[in-house]
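Structure first, then comments.
In full-length UniProt numbering, the protein residues as written are 1 to 287.
Below, the structure is given as structure tokens:
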């Protein structure tokens, strides 16, 4: 096997492992909700993730300039909002559906930045998927309306995370930027979770928090960086589009969450829209 083929295979394995670890982390995080709630779980994840990433990337060596500080602050607030809203959402709805609805954020950024008429098809696929997931209050398998709204809110924060992540410029390295953003998010949400769930925190919870931080942030981010060095961004985006399906399987295996046929169809439509958007953006960049 040629070196390039081995590198590409390594990248594929890294992307798959990254998606598996982050959704496994989300599944374990959901199991902590009855103990410390979404607020306490978010505080543990962000606090330990910021600590680990700062140790690894040493962001104090890549501090932003004065003109670059506001985008990094908003980037960090978007990151924090994405985390807390997503955890609030999956407290009420299945993990796979939460991820599919959250995916509307980056999907909207990709599709609305395009002016190609053919991309309207991918928009239609995404809208159809969302409509299938919207709560049917009369149905036996209806979703919690607030859970759906919170997942869409997490998607909006994800869109802000992407847009302001680009605006941070090249003043900081990629890892240092994420470490700074995670620190901003932790500064806001660790006290919030600590105050609301102070009575629930025990020393037995700390190792679980560290494990969730590693699975949900530190490890997948490292794997994604390795993957991006060894495969085109288009291939990376297409593979990441499978994340709602992987989240659904993780929710089924770890949490016992069963989805209906219509919900699986909705997730498939979101995945199709995401894959199509990835190919469309790649073609736009080469023309």
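Every residue gets a Cβ at the ideal spot worked out from N, C-alpha and C, and that includes glycine. It should be emphasised that the depicted structure is a prediction, and the values quoted were computed from it without experimental measurement.
Using beta-carbon positions only, say whether residue i and residue j come within less than 8 angstroms of one another.
i	j	result
residue 101	residue 165	no
residue 111	residue 122	yes
residue 225	residue 76	no
residue 274	residue 248	no
residue 87	residue 24	no
residue 150	residue 85	yes
residue 162	residue 109	yes
residue 49	residue 176	no
residue 254	residue 20	no
residue 16	residue 230	no
residue 55	residue 208	no
residue 129	residue 267	yes
residue 104	residue 152	yes
residue 157	residue 217	no
residue 90	residue 26	yes
Assuming residue i and residue j form a contact by the criterion Cβ under 8 angstroms, report the distance between their Cβ atoms to the nearest whole angstrom.
i	j	result
residue 270	residue 160	Actually they do not touch by this definition, with Cβ atoms about 20 angstroms apart.
residue 259	residue 96	6 angstroms
residue 28	residue 215	7 angstroms
residue 144	residue 93	6 angstroms
residue 83	residue 168	Residue 83 to residue 168, Cβ: 18 angstroms. No contact.
residue 106	residue 179	Rounded, the Cβ-Cβ distance is 21 angstroms, inconsistent with contact.
residue 40	residue 201	7 angstroms
residue 188	residue 98	Not a contact, Cβ separation roughly 22 angstroms.
What would DSSP say about residue i, mapped onto helix, strand or coil?
i	result
residue 41	helix
residue 104	helix
residue 94	coil
residue 119	helix
residue 5	helix
residue 71	helix
residue 64	coil
residue 77	helix
residue 111	helix
residue 30	helix
residue 16	helix
residue 49	helix
residue 134	coil
residue 143	coil
Query - Contiguous alpha helix (DSSP H) assignments of at least 4 residues, all confined to the UniProt domain "EamA" (146-277) - result: 174-196, 205-213, 219-230, 233-240, 243-255
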